[in-house]
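Contents: one structure, followed by commentary.
Residue numbers (mature numbering (1 follows the signal peptide of the UniProt record, and there is no 0)): -19 to -1, 1 to 218.
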C-alpha cells in the first residue's frame, strides 16, 4: 500500500506544526492537524531498506509532509503504504500538490489515492468489511501495473485522461484509474466524479459507504524523497 499514512478526522482545526516531526517506526503515527500521519510499512520484510516520514506543517484543512525511502530486492512487491481516511460524502473536493525532491534512476513506485468502500456504515478499510478499493494513480514509474488488467482506456474524468484497470484482491474488487501519460503533480478534483462513474458504468452500488481515503506512494524498489507541498480534502455529506 503506501509509504506514510494520512488519516482525516471530523474536526477541522487551524493549527501549525511548531517544529517538524519525523516518524521512523513500522506503524508509527502522529497527529497532523485535521489528519493523522502514519508509517505503514506492511511489506518491509519483502525487501531491504528504510523509510521515514516528516510532518512539516498544517494549516486549517491543508497539510504538508515528506517521505524518504530506500528499498531494494523484490522489485515487483510493494514495501509500504501512506493514507488518510473519512466517511461517505456526496462530494469530496480535493487538491494535492506533490513533487519528487530526489529520485534514483530506475525507481519503481506509484503516487496515488487509495479509497475504500464497504456495505456497512462501520468497518475498517482493507478488511473483510471492504467491498471495493478504488485507486487513482497520478504517477506510475518503472513499468509497474495495478491489480488485475486494463479494461478501458481514454476515460475523461476530472479534466484528465485515464486508463481503467480492474481485478480482485483479497476480499474486495479493485478499480484503478491510471493517468494515461506522464504524471499529475498538481491535482485538483471532486473525487465524487470517479465514484459516480463507477456507479453509473461499472455496477458499484450507490448504497456503499466510503470507509477511507488514503494518499501517498507505493514504493517497489529504488530511492526517493517525495514531498507533499499541500494536500487537502473536504467531505460534504
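Glycine residues also receive a C-beta, built at the ideal position from the N, C-alpha and C atoms.
Legend entry - Start and end residues, alpha helix (DSSP H) containing residue 173: 173 to 182
Inset, instruction - Excluding the 5 residues preceding and the 5 following residue 177 in the sequence, name in chain order all residues of the same chain whose CB lies nearer than 6 Å to its CB. - result: none
Inset, instruction - May I ask which residues mark the beginning and end of the beta strand (DSSP E) holding residue 205? - result: 190 to 214
Legend entry - Per-residue DSSP class, three states only, for residue 254: Residue 254 is absent from the structure shown; the chain starts at -19 and stops at 218.
Legend entry - Beta-carbon proximity check, residue 111 vs residue 99, cutoff 7 Å: yes
Inset, instruction - Just the C-alpha distance for residue 197 and residue 130, rounded to the nearest angstrom, thanks. - result: So the alpha carbons of these two residues sit roughly 22 Å apart.
Legend entry - the stretch 113 to 132 in contact with the stretch 154 to 161 per 3-pair CB rule at 8 Å: yes
Legend entry - Buried versus exposed call for residue 174 [16 or more other C-beta atoms within 10 Å across all chains shown]: exposed
Inset, instruction - Using alpha carbons as the reference points, say which of 106, 50 and 114 lies closest to residue 85. - result: 50
Legend entry - Proximity winner among 168, 81 and 151, relative to residue 142 (alpha-carbon distances): 168
Inset, instruction - Measure how close the beta-carbons of residue 81 and residue 191 come, nearest whole angstrom, since I'm counting them as under 8 Å. - result: The pair is not a contact, with the Cβ atoms about 29 Å apart (cut-off 8 Å).
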